[in-house]
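Asker: Heads up: the sequence shown begins at 709 in this note's numbering, then just goes up one per residue. We treat Cβ as the ideally placed atom computed from N, Cα and C, and that holds for glycine. Quick one: structure below, then a few questions.
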Amino acid sequence: MTALTPEELLTTTRAVRKRLDLQKPVEIELVRKCIEIAQQAPSASNRQNWHFLVITDQVKKNSLSDLFRKGWQSYIDSPTSVAKTISSDDPKKSESQRKIYESAKYLVDNLRKVPVFVIPCIEGRTDGSNVPVVVQSAIWGSIAPAVWNFMLAARLYGLGTTWTSFHLLFEREAAKLLNIPYEKVMQVALLPVAYYKGTSFKPAPRDTIEKILHTNSW
Ligand SMILES: Cc1cc2nc3c(=O)[nH]c(=O)nc-3n(C[C@H](O)[C@H](O)[C@H](O)COP(=O)(O)O)c2cc1C
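This is the structure:
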């Protein structure tokens, strides 16, 4: 594998689903290395109050995959689902939404075969009533950079991942399965981890910067 430049790493780390190699085992040592890199991320007051659950047990992966499928079904039935935007007026947008739908469905159908799941967690919860934005920001802001560091490190070592959240619709059930103290610790994602097939990841089409950049005033 040729070494990636830092810019290539930052612009070609994609959501990998169909190109996950479901046959090739993943060494746990490599996953540990990615978690060590995740630990270099910033956290509010340097609390480092993150946790990473690494799941290789097939029975647990099956149960999580069932919760994931139930979450997908609820999402697909919801008005904001990608399935509802496939027929937008913009053909380009429609096409990209269709691809995401197909790829996400593939992951739902094959999740249990992915060698390793990683569930990043953070101490604290934001789903109670009246959590001030500053506290929400400290909690989510203390885990999102670590998760992204993990995903970048994985890409560097030839592993594909996708940030997924469908199983969170059944977070309590997943917490019970994995002995996570639900009242004190929030799961934030489920990252399927497998070697990726091929190396030709490209920067993704994104909105123009004019749409999102505001200088001095909104
Ligand atoms: C907070 C968050 C939640 C996501 N949840 C899911 C999910 O449940 N299932 C899935 O297949 N992809 C999920 N994704 C992946 C996005 O669909 C993906 O990042 C997006 O389509 C852009 O694709 P790219 O990363 O390849 O550029 C999620 C991404 C984020 C950041």
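Closer than 8 Å by C-beta to L718: which residues in its own chain qualify, once you throw out the five before and the five after it? Chain order, please.
Answerer: On the sequence shown, position 10 is the one that residue 718 refers to. These residues qualify, in order along the chain: L860.
Asker: With the cut-off set at 8 Å, would you say A862 and V822 are in Cβ contact?
Answerer: Residue numbering aside, residue 862 sits at position 154 when the sequence shown is read from its first letter. Residue numbering aside, residue 822 sits at position 114 when the sequence shown is read from its first letter. No.
Asker: Are H875 and L898 closer than 8 Å when you measure CB to CB?
Answerer: The count along the sequence shown starts at 1 and reaches residue 875 at position 167. The count along the sequence shown starts at 1 and reaches residue 898 at position 190. Their beta carbons are under 8 Å apart, which means H875 touches L898 by this criterion.
Asker: In this structure, does DSSP put A882 in helix, strand or coil?
Answerer: Along the sequence shown, one-based indexing puts residue 882 at 174. Here A882 sits in helix by DSSP.
Asker: Tell me where the alpha helix (DSSP H) around V843 begins and ends.
Answerer: Taking the sequence shown and counting its residues from 1, one reaches residue 843 at position 135. Residues 841–848.
Asker: Check H922 in the structure and name its three-state DSSP category.
Answerer: As a first step, residue 922 must be located in the sequence shown, where it is residue number 214. Correct three-state label for H922: coil.
Asker: Report the three-state DSSP secondary structure of F760 (helix, strand or coil).
Answerer: As a first step, residue 760 must be located in the sequence shown, where it is residue number 52. Of the three classes helix, strand and coil, the one that applies to F760 here is strand, per DSSP.
Asker: List the DSSP bridge partners of Y903.
Answerer: Within the sequence shown, numbered from 1, the residue matching residue 903 stands at position 195. Partner(s): L867.
Asker: Specify, as a first and last residue, the run of the beta strand (DSSP E) that E831 falls within.
Answerer: Taking the sequence shown and counting its residues from 1, the one referred to as residue 831 is at position 123. Note, E831: beta strand (DSSP E), 824–831.
Asker: What is the DSSP secondary structure of V893, reduced to helix, strand or coil?
Answerer: Looking up residue 893 in the sequence shown gives position 185. Of the three classes helix, strand and coil, the one that applies to V893 here is strand, per DSSP.
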